[in-house]
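Here the protein sequences line up with chains Z and V, keeping their order.
First residue of the first sequence: 1, per the UniProt record's numbering; consecutive thereafter.
First residue of the second sequence: 1, per the UniProt record's numbering; consecutive thereafter.
Using N, Cα and C, we set each Cβ at its ideal position, and we do this for glycine too.
All values derive from a computational prediction rather than experimental measurement.
Reading through the structure tokens given below for one structure.
2 protein chains.
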Amino acid sequence: MSADGAAVDPSHAPARDSATQAGQGAGGEDGDSLHFRKLAVAPTYRVVAETIEREIMEGRLQPGDRLPSETALAEQLGVNRSTAREGLRLLEQTGLVERKSGRRLHAAIPGHVELSTRASRALLLQQVTFIDLHQLLMALEPAAAAMAATTIGEDDLAALERNLAETEARVERGETITALDTEFHEIISAAVGNPAWLMAREAAAKLLFPAADPMMSRLDQAPHRLVAAHRRILDGLRAGDVEAAREWMRKHIIDFKRGYELAGLPTDRPVHHPLNQEKDEQS
Amino acid sequence: MSADGAAVDPSHAPARDSATQAGQGAGGEDGDSLHFRKLAVAPTYRVVAETIEREIMEGRLQPGDRLPSETALAEQLGVNRSTAREGLRLLEQTGLVERKSGRRLHAAIPGHVELSTRASRALLLQQVTFIDLHQLLMALEPAAAAMAATTIGEDDLAALERNLAETEARVERGETITALDTEFHEIISAAVGNPAWLMAREAAAKLLFPAADPMMSRLDQAPHRLVAAHRRILDGLRAGDVEAAREWMRKHIIDFKRGYELAGLPTDRPVHHPLNQEKDEQS
DNA sequence: ACGGTTCACTTGTCCGACAAACGGACGATG
DNA sequence: CATCGTCCGTTTGTCGGACAAGTGAACCGT
Numbered sequence: 001m002s003a004d005g006a007a008v009d010p011s012h013a014p015a016r017d018s019a020t021q022a023g024q025g026a027g028g029e030d031g032d033s034l035h036f037r038k039l040a041v042a043p044t045y046r047v048v049a050e051t052i053e054r055e056i057m058e059g060r061l062q063p064g065d066r067l068p069s070e071t072a073l074a075e076q077l078g079v080n081r082s083t084a085r086e087g088l089r090l091l092e093q094t095g096l097v098e099r100k101s102g103r104r105l106h107a108a109i110p111g112h113v114e115l116s117t118r119a120s121r122a123l124l125l126q127q128v129t130f131i132d133l134h135q136l137l138m139a140l141e142p143a144a145a146a147m148a149a150t151t152i153g154e155d156d157l158a159a160l161e162r163n164l165a166e167t168e169a170r171v172e173r174g175e176t177i178t179a180l181d182t183e184f185h186e187i188i189s190a191a192v193g194n195p196a197w198l199m200a201r202e203a204a205a206k207l208l209f210p211a212a213d214p215m216m217s218r219l220d221q222a223p224h225r226l227v228a229a230h231r232r233i234l235d236g237l238r239a240g241d242v243e244a245a246r247e248w249m250r251k252h253i254i255d256f257k258r259g260y261e262l263a264g265l266p267t268d269r270p271v272h273h274p275l276n277q278e279k280d281e282q283s
Numbered sequence: 001m002s003a004d005g006a007a008v009d010p011s012h013a014p015a016r017d018s019a020t021q022a023g024q025g026a027g028g029e030d031g032d033s034l035h036f037r038k039l040a041v042a043p044t045y046r047v048v049a050e051t052i053e054r055e056i057m058e059g060r061l062q063p064g065d066r067l068p069s070e071t072a073l074a075e076q077l078g079v080n081r082s083t084a085r086e087g088l089r090l091l092e093q094t095g096l097v098e099r100k101s102g103r104r105l106h107a108a109i110p111g112h113v114e115l116s117t118r119a120s121r122a123l124l125l126q127q128v129t130f131i132d133l134h135q136l137l138m139a140l141e142p143a144a145a146a147m148a149a150t151t152i153g154e155d156d157l158a159a160l161e162r163n164l165a166e167t168e169a170r171v172e173r174g175e176t177i178t179a180l181d182t183e184f185h186e187i188i189s190a191a192v193g194n195p196a197w198l199m200a201r202e203a204a205a206k207l208l209f210p211a212a213d214p215m216m217s218r219l220d221q222a223p224h225r226l227v228a229a230h231r232r233i234l235d236g237l238r239a240g241d242v243e244a245a246r247e248w249m250r251k252h253i254i255d256f257k258r259g260y261e262l263a264g265l266p267t268d269r270p271v272h273h274p275l276n277q278e279k280d281e282q283s
């Protein structure tokens, strides 16, 4: 587990411009003439982060492995602990390292959850509209349902059944069902068994489905239509009927937009942030 | 630009557990009984990051605005500069702040580039296969071509034309064309004018198209098939022919996989790390 | 052998310091 | 008068050291 051979800068004086770039700009390679490249001198803390990142990406640090302590890490890399800490903070946000049981840092692979959270934020800041999100999920969700119809397992079907029952119960009581709706669609997409697929849809789904919340309260038959559609989709999945699953999902997503418009909500305006202050801990 | 009213912890002694949680766990609200929540005391540096993040997300810090200097920031928040720095490092990786012209930090909105880079890494670590990526782009690329056929502008068409010409030239010379191939598809997806769409496909595209590099060298007619397909797609786009654009893109993507298989490359094995050491600065 | 106590280790935070680079003001020069 | 070079304050990057609180494991008493 020793990450030796990765010393960053042996000098203890602040000299961030000597060793850090030694590997990239030195040799002239193109026969053009001498026009120098950007000469990007990365700050040491970033070199630290990249070094550890490489250790993980190239498999020398397996997910779950404990990282050395900050002091040890700083010493091995030949940098100050403060600098090493800044590098770790960089990685921490990426999801490549995580805190297990309080203190120690472990290597990890970033799951789709943390990535989609950041992606959602970015989409919000880019003023993404309802139409944008709908357009994307219109391309993804029916296809996902179709593929899931052949791959879905009994446990996922059971989970969908439970989800649907709970949704119906909440509709009876007039409670909000956005979270369950989101979950229903996520289970189906997860059943495809394609991490890339899941990641591609997650960010948009996190924004689109909650955007329907105001619609549910304004159109009192909207929840029932949703439940009915989910029922049909689930039936199609259970029967392994690819085209039924695809088609009902397609209608469901189309209906989703129609309901949104019927409720008088603007589809070409930036969606609002869905107040996601939940912290979803692992209690 | 003053972000006052956001002091984190007025005490100068190391007391990270006093003020930081004051706002969440105090009042009992559910009638159940007294069972306390996880009481997650976030480290101060994370509170710093979340505070600044909130300033940006809620529009008080517009993209492009200069952040206060580290010293000023630390003073305003009532924390040490080292702690403030760690918080900034967290944000730096997220893309919510960026270095403009060397020194000063500016607020920014994360573009699809930095997000997709991280997403690609995550997919690699999750052992995503060629089939996974292909499955996703099979659902996205033809639809993108179809939509772009009605929305694409003259400048994008010109860019595609240039791209295609350059691709042909490189094929003549036997050079690698992966970068141009990736760009061709990206221009089309960007022409849709949907940030969510772009973000959803980018990570997968960054992995799938480079994966075809070995194929190009093994099947010497593959590059010509690619150029021909691009030609048809571009013609469809220029003519505004939705179905032609969709269909040729569909065939192109299918052909892509067939070529991969013909070259004897495994489609159900994790894709390799495409050696993306490029730094793509904004010269 | 089991449960409680102790202690080294680790993290989070703070303090202070300084070299280098940047940016803008100031002054010199053609 | 405009352009250029120089100087200086500001800011960042990095370092060293310090300490409180929490963790985990060894240790010890019953």
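> Whose CA, out of 185(V), 237(V) and 252(V), lies closest to the CA of residue 152(V)?
Replying inline: Checked all of 185(V), 237(V) and 252(V); the closest Cα to residue 152(V) is 237(V).
>> Please report the distance separating the alpha-carbon of residue 21(Z) from that of residue 75(Z).
In response: Confidence in residue 21(Z) is poor, its pLDDT being 35 and thus under 50, which makes the residue's placement unreliable; the coordinate value appears in the next sentence. The alpha-carbon atoms of residue 21(Z) and residue 75(Z) are separated by roughly 21 Å.
>> I'd like the ranges of any alpha helix (DSSP H) spanning at least 4 consecutive residues and lying wholly in the stretch 218-264 of chain Z.
In response: If only complete runs of 4 or more residues are kept, the stretch 218-264 of chain Z shows the alpha helix (DSSP H) at 222-239 and 242-262, in order along the chain.
>> Give me the chain Z residues within the contact set of residue 188(V), using Cβ-Cβ distance strictly less than 9 Å, ordered along the chain.
In response: Here the premise fails: no neighbours, minimum Cβ distance about 14 Å.
>> Please state whether the Cβ-Cβ distance between residue 187(Z) and residue 160(Z) is less than 7 Å.
In response: yes
>> Mapping the DSSP letters down to three states, classify residue 106(Z) as helix, strand or coil.
In response: Strand, per DSSP.
> If we count the other Cβ atoms within 10 Å of its Cβ and call it buried at 16 or more, is residue 217(Z) buried or exposed?
Replying inline: exposed
> Which residues in chain V sit within 7 Å of residue 121(Z), going by Cβ to Cβ distance?
Replying inline: Neighbours of residue 121(Z) on chain V, chain order: 57.
> Can you pull the DSSP bridge partners for residue 129(V)?
Replying inline: 270(V)
> When we look at the beta-carbon of residue 240(V) and count the other beta-carbons within 10 Å, is it buried (16 or more) or exposed?
Replying inline: exposed
> Where do the ends of the beta strand (DSSP E) carrying residue 60(V) lie?
Replying inline: In this chain, residue 60(V) is not harboured by any beta strand (DSSP E), its DSSP state being neither H nor E.
>> For a cutoff of 7 Å on Cβ pairs, would you count residue 126(V) as touching chain Z?
In response: yes
>> Could you tell me the alpha carbon to alpha carbon distance between residue 55(V) and residue 120(V), rounded to whole angstroms?
In response: 29 Å
> For residue 273(V), which residues from the same chain have a beta carbon less than 8 Å from its beta carbon, with the 5 sequence-adjacent residues on both sides left out?
Replying inline: 124
> Is there contact between the stretch 242-262 of chain V and the stretch 215-229 of chain V, where contact requires at least three CB pairs shorter than 8 Å?
Replying inline: yes
> Nearest-angstrom Cα distance between residue 205(V) and residue 257(V)?
Replying inline: 14 Å
> So what's residue 175(Z) in DSSP terms, helix, strand or just coil?
Replying inline: It is coil, neither helix nor strand.
>> Quick test of the definition: if touching needs 3 or more C-beta pairs under 8 Å, does the stretch 42-58 of chain Z touch the stretch 79-95 of chain Z?
In response: yes
> Would you say residue 105(Z) and residue 140(Z) are within 7 Å of each other, going by their C-beta atoms?
Replying inline: no
>> Tell me which residues share the same chain as residue 70(V) and place their Cβ nearer than 8 Å to its Cβ, disregarding the 5 neighbours each side in the sequence.
In response: 81, 84, 85 and 88
> Relative to the C-alpha of residue 113(Z), which residue among 225(Z), 200(Z) and 246(Z) is closest?
Replying inline: 200(Z)
>> Could you check whether residue 136(V) and residue 196(Z) sit closer than 7 Å to each other, using their CB atoms as the reference points?
In response: yes
> Helix, strand or coil: how does DSSP classify residue 47(V) here?
Replying inline: helix
>> Can you look up residue 97(V) in the DSSP assignment and give me helix, strand or coil?
In response: strand
> Does the beta-carbon distance from residue 129(V) to residue 270(V) come in below 7 Å?
Replying inline: yes
>> Taking 7 Å as the threshold (beta carbon to beta carbon), is residue 133(V) in contact with chain Z?
In response: yes
> Where does residue 266(V) land, buried or exposed, given buried means 16+ other C-beta within 10 angstroms?
Replying inline: exposed
> Based on the DSSP output, what are the partners of residue 66(V) in its beta bridges?
Replying inline: 106(V)
> So is residue 69(V) in contact with chain Z if we call contact Cβ pairs under 7 Å?
Replying inline: no
> So, using beta-carbon positions, are residue 149(Z) and residue 242(Z) closer together than 7 Å?
Replying inline: Going by C-beta atoms, residue 149(Z) is nearer than 7 Å to residue 242(Z).
> Cα separation between residue 212(V) and residue 165(V)?
Replying inline: Each residue's Cα considered, the two are about 20 Å apart.
> How should residue 132(Z) be labelled, buried or exposed, when 16 other C-beta atoms within 10 angstroms of its C-beta is the threshold for buried?
Replying inline: Label assigned to residue 132(Z): buried.
> If we cut at 7 Å on Cβ distances, does residue 163(V) have a partner in chain Z?
Replying inline: Chain Z, which has no Cβ nearer than 7 Å to the Cβ of residue 163(V), makes this no.
>> Please state whether the Cβ-Cβ distance between residue 107(V) and residue 61(V) is less than 7 Å.
In response: yes
> So with Cβ pairs under 7 Å, would you call residue 52(Z) a contact of chain V?
Replying inline: no
> In angstroms, rounded to a whole number, what distance separates the CA positions of residue 158(Z) and residue 235(Z)?
Replying inline: So the two alpha carbons sit approximately 12 Å from each other.
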